[in-house]
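S.K.: Got a structure for you, written out below as structure tokens; questions coming shortly.
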Amino acid sequence: MLASCLHARRPDIGAESNDVLNKKEKQNMTNFTGLKLAQPILRAVTDEGYTVPTPIQSKAIPPLLDGRDLLGVAQTGTGKTAAFALPLLHRLSHDIKKARPHQPQALILAPTRELACQIGDSVRTYSRHLGIRSTVVFGGASIRPQITTMRRGVHVLVATPGRLLDLMNQGFVRLDAVQVFILDEADRMLDMGFIRDVKKIEAALPHQRQTALFSATMPGSVQGLAGGLLNDPVRVEVAPEATTAEKVEQSVLFVPKDKKRALLGDLLSDQDIKRVLIFTRTKHGANRVAQHLDRCGVRSDAIHGNKSQSARQRALKDFRDGRIRALVATDIAARGIDVDGVTHVINFELPNEPESYVHRIGRTARAGAAGIAISFCDHEERGYLRDIEKIIRQSVPVIEDHPYHTAEIANDTGPSRRAPHHRKRPGQRQRRRNPRRSRQAA
Ligand code: AMP
């Protein structure tokens, strides 16, 4: 069942993150030994090459070790998995008994199989010197081996909501012994329509427990959910919403829909675009773009909900190992993917939910690194672009001196948009804009 899950180690995350820390955060920084974690956990962390906790870790681990509930605003790539997994394992390590059949002591809920897999990998890594058993259950894979594992018993269960409910309904999982409940990527969980599932799962949990909820963004719906799940939580935040946008060099090209594929082929002739994640809105769109790239001689693959779990894992591995240069993805499939060194993100189609834009471009700005994001915007997507600019609180620079730039689309609504300074062609590095100034201008 445990399909080999992808989880890149990033030993330099602590150092990278230091660049973006403010003075107060630097003072709060401790190294891991100062965090009062059990020795076997510290050993596992050292094995991984972690020396300095990331900001979310130094903020979240102490209150979680104190048994507090927690509301964490943090994106994937900030080290948030260890932020909740280390205290959870520490708590269980006090009294490790044989795992009871069907009754996990800790439950981690994640919206997608990929994310659940990555969390499962991390939990296994961090608990390798403890006698703690863990497993991951998710849909789209055979339920039988999952049932067998639950029969034997695990201490920590990582699950996606649908499959967990399935297993609960069939009597293979009971949640009445859960001491710690983690809800990861709550915003995406709600976007994907899992609210009722989450509520059903919560209703099966004991009242006496520790709960932590993590979310990259904090819209009202997530706050409402948090209000019902958490008891007097500590709120920790590693960066204000949408700050990823400030680390990414963004641009937009106004181009008619039927020219987008040709434009993409043209852009990818630039070999500086080494590892590119391309987003489409639909599964069919993703397939069509990947096929087009193959025809253009660009090694690529597509991941989306219609692909089998193994095909998705294979495509991700090929992308991570550099066997393919371009990965075409829909939002849901790409969510939470931890792939290092994505040089460019191309929004072949703009997302209709502006938050997705922030998640998308964040794939190229992992843990403090910079990246480049280029968006294609056709006539019908002008409104999407406006919504995006509202939430990132800046206007996205327009590339006007490009053969595919179509002034008619650019000038379609409202006053014409002007590039604030000379723009190079996409793929080349631009001077970074002062984000504060652009926010004021927006
Ligand atoms: P996450 O946000 O939990 O998906 O973590 C992103 C990446 O950072 C993963 O590859 C982790 O293995 C790595 N990581 C987490 N914490 C640290 C740390 N303190 N030092 C170095 N790498 C870390």
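In this note's numbering, the protein residues as written are 2 to 443. For every residue, glycine included, the Cβ atom is placed at its ideal position computed from N, Cα and C.
Rounded to whole angstroms, what is the Cα-Cα separation between lysine 261 and histidine 406?
M.R.: Per the coordinates, the alpha-carbon of lysine 261 lies some 11 Å from the alpha-carbon of histidine 406.
S.K.: May I ask which residues mark the beginning and end of the beta strand (DSSP E) holding glutamine 251?
M.R.: Its beta strand (DSSP E) spans residues 249–255.
S.K.: In whole angstroms, what is the alpha-carbon distance linking lysine 37 and threonine 52?
M.R.: So the alpha carbons of these two residues sit roughly 14 Å apart.
S.K.: Counting pairs of Cβ atoms below 8 Å between the segment 350–369 and the segment 305–321, do you hit three or more?
M.R.: Taking a cut-off of 8 Å on C-beta distances, the segment 350–369 does not touch the segment 305–321, as fewer than three cross pairs fall below it.
S.K.: CB-CB under 7 Å to arginine 101, same chain, minus the five flanking residues each way: which ones, in chain order?
M.R.: Gly154, Ala178
S.K.: Are the beta-carbon atoms of serine 216 and valine 124 separated by less than 9 Å?
M.R.: Using a Cβ distance threshold of 9 Å, serine 216 and valine 124 do not count as a contacting pair.
S.K.: Using DSSP's beta-bridge definition, name the partner residues of isoleucine 109.
M.R.: Val159, Ile183
S.K.: Throw me the rounded Cβ distance for the valine 249 and isoleucine 373 pair, which I believe falls under 8 Å.
M.R.: 7 Å
S.K.: Helix, strand or coil: how does DSSP classify glutamate 382 here?
M.R.: helix
S.K.: Measure the Cβ-Cβ separation of leucine 158 and leucine 206 and say whether it is below 9 Å.
M.R.: no
S.K.: Taking arginine 114 as the reference, which of Gly78, Arg164, Val340, Lys60 has the closest Cα?
M.R.: Measuring from the Cα of arginine 114, the nearest candidate turns out to be Arg164.
S.K.: Consider the C-beta atom of glutamate 49 and the heavy atoms of ligand 1; say whether any pair is separated by less than 8 Å.
M.R.: yes
S.K.: Taking 8 Å as the line, does the beta carbon of alanine 178 fall inside it for any heavy atom of ligand 1?
M.R.: no
S.K.: Does the distance from the CB of proline 398 to the CB of valine 277 come in under 9 Å?
M.R.: no
S.K.: What's the gap between the Cα of cysteine 378 and the Cα of glutamate 409?
M.R.: 12 Å
S.K.: Say whether the segment 318–327 touches the segment 290–303, bearing in mind that this needs 3 or more beta-carbon pairs closer than 8 Å, one atom from each stretch.
M.R.: yes
S.K.: Hey, is glycine 372 close to ligand 1, as in C-beta under 8 Å from one of its heavy atoms?
M.R.: Answer for glycine 372: no, Cβ out of range of ligand 1.
S.K.: Taking buried to mean at least 16 other C-beta atoms within 10 Å of its own C-beta, is glutamine 147 buried or exposed?
M.R.: buried
S.K.: When burial is assigned at 16 or more other CB atoms within 10 Å of the CB, is threonine 34 buried or exposed?
M.R.: exposed
S.K.: Enumerated in chain order, which unbroken segments of the beta strand (DSSP E) with a length of 3 residues or greater are wholly contained in the segment 255–324?
M.R.: 277–280, 301–304
S.K.: Using only the alpha-carbon positions, how far apart do histidine 130 and glutamine 106 sit?
M.R.: 18 Å
S.K.: Comparing C-alpha positions only, which one of Gly68, Asp388, Cys118 sits nearest to proline 234?
M.R.: Gly68
S.K.: In three-state DSSP terms, what is alanine 100?
M.R.: Three-state DSSP puts alanine 100 in coil, outside helix and strand.
S.K.: Among the candidates Thr161, Ile62, Val138, Ala142, whose CA atom is the shortest distance from the CA of methionine 151?
M.R.: Val138
S.K.: Short check: CB of lysine 81 to CB of aspartate 185, under 9 Å?
M.R.: yes
S.K.: Quick one: give me the first and last residue of the beta strand (DSSP E) that glycine 73 is part of.
M.R.: Its beta strand (DSSP E) spans residues 71–74.
S.K.: If asparagine 232 sits next to aspartate 70, beta carbons under 8 Å apart, how far is it from one beta carbon to the other, in whole angstroms?
M.R.: Asparagine 232 to aspartate 70, Cβ: 5 Å. Contact.
S.K.: Ligand 1 and threonine 283: does any heavy atom of the ligand fall closer than 8 Å to the residue's C-beta?
M.R.: no
S.K.: Regarding valine 399 and ligand 1, is the C-beta to nearest heavy atom distance less than 8 Å?
M.R.: no
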